[in-house]
Amino acid sequence: MNITSDISLVSLVLQASILVQIVMGLLLLVSLLSWTYIFTKMLTLGKARRQTAKFEEEFWATSDIGALYQRAAGHNENSGALERIFESGYREFLRHRKSGTLETAAVTSGVQRAMKATFQRETDRLESHLAFLATVGSVSPYVGLFGTVWGIMNAFRGLANVGQATLAHVAPGIAEALVATAMGLFAAIPAVVAYNRYAHDTDRLSSRFESFMEEFSNILQRQFKPAQNGR
């Protein structure tokens with residue numbers, strides 16, 4: 001531990017012990033990754049909300065589900081999550097009609113399974129990196145605290161070789177250690193706020209998807225009955 005009157009942030013980091021510097025470097029890296037995921041998820045969820053609202057509007061405004069399916073099938077990777085759920089369900093519905101399945105329950109069950117599988121994939125995609133943000137938010141303060149405790153231990157060990165301890169001897173070492181705690185909080189707080197916000201947004205989108213799946217299943221069931229009666 002170097003005793004110096006320079007207690008700027010840069011000097012405190014440079015004068016810290018190797019282990020504390022490693023902790024600070026790790027927290028800095030984690031913080032940068034967190035902010036990358038925070039901005040990425042903000043754009044992803046914003047786009048998902050817009051695509052969902054647009055497709056819901058198109059779906060309830062159309063009277064030709066078949067034409068809507070053809071457009072959805074042509075969008076491929078550019079389509080939204082709800083559009084892909086709709087596409088998978090209607091594709092399964094058409095497959096049952098072509099195969100001559102007469103059981104309404106079998107058709108409905110098959111459509112729901114197809115949509116559920118796509119729903120799960122889309123939900124997993126929306127929830128990607130949320131676990132990382134949750135981990136950063138819960139662990140980073142403790143990692144920073146570990147660096148602080150280690151730094152304070154070094155500071156007090158250094159006082160053993162000093163005949164008379166003064167504030168000038170103690171302050172730099174403690175300040176170096178507290179930087180680790182500050183960095184831990186700097187990494188944790190945005191991650192926690194972002195996780196709570198994005199988890200809420202993801203849950204709301206998932207609820208909209210599930211509601212659509214139920215309503216769409218009912219619509220297909222009503223469409224299938226006339227075809228069934230006409231056979």
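Okay, so the sequence shown: first residue is 1 according to full-length UniProt numbering, each after it adds one. A virtual CB, placed ideally from N, CA and C, is assigned to each residue, including glycine. Small disclaimer: the values here were computed from a predicted structure and weren't measured.
Going by other Cβ atoms of all chains shown within 10 Å of its Cβ, with 16 needed for buried, is residue i buried or exposed?
i           : result
residue 71  : exposed
residue 220 : buried
residue 213 : buried
residue 237 : As displayed, the chain neither begins before 1 nor continues past 231, which places residue 237 out of reach and without an answer.
residue 96  : buried
residue 88  : buried
residue 181 : buried
residue 37  : buried
residue 62  : exposed
residue 66  : exposed
residue 230 : At residue 230, the pLDDT of 48 sits below 50, so the modelled position is not reliable; the number obtained from the coordinates is stated separately. It counts as exposed.
residue 153 : exposed
residue 155 : buried
residue 32  : exposed
residue 147 : buried
residue 48  : buried
residue 176 : buried
Along the chain, where does the alpha helix (DSSP H) that runs through residue i open and close?
i           : result
residue 89  : 81-99
residue 34  : 18-61
residue 64  : Element bounds for residue 64: n/a, residue is neither H nor E.
residue 109 : 104-126
Suppose contacts are defined by Cβ-Cβ distances below 9 Å. Is residue i in contact with residue j by that definition?
i           : j           : result
residue 118 : residue 84  : yes
residue 246 : residue 138 : It is not possible to answer for residue 246, since the shown part of the chain is limited to 1 through 231.
residue 202 : residue 130 : yes
residue 133 : residue 69  : no
residue 39  : residue 59  : no
residue 30  : residue 140 : yes
residue 82  : residue 208 : yes
residue 34  : residue 190 : yes
residue 26  : residue 186 : no
Write down the C-beta distance between residue i and residue j rounded to the nearest angstrom, noting that I regard them as a contact closer than 8 Å.
i           : j           : result
residue 264 : residue 198 : The question about residue 264 has no answer, for the chain in this structure spans 1 to 231.
residue 188 : residue 149 : About 17 Å; that fails the 8 Å criterion.
residue 184 : residue 144 : 2 Å
residue 45  : residue 126 : 7 Å
residue 108 : residue 211 : Contact flag wrong, Cβ pair sits at about 17 Å.
Touching by the beta-carbon criterion (3+ pairs, under 8 Å), the stretch 109-119 and the stretch 79-93: yes
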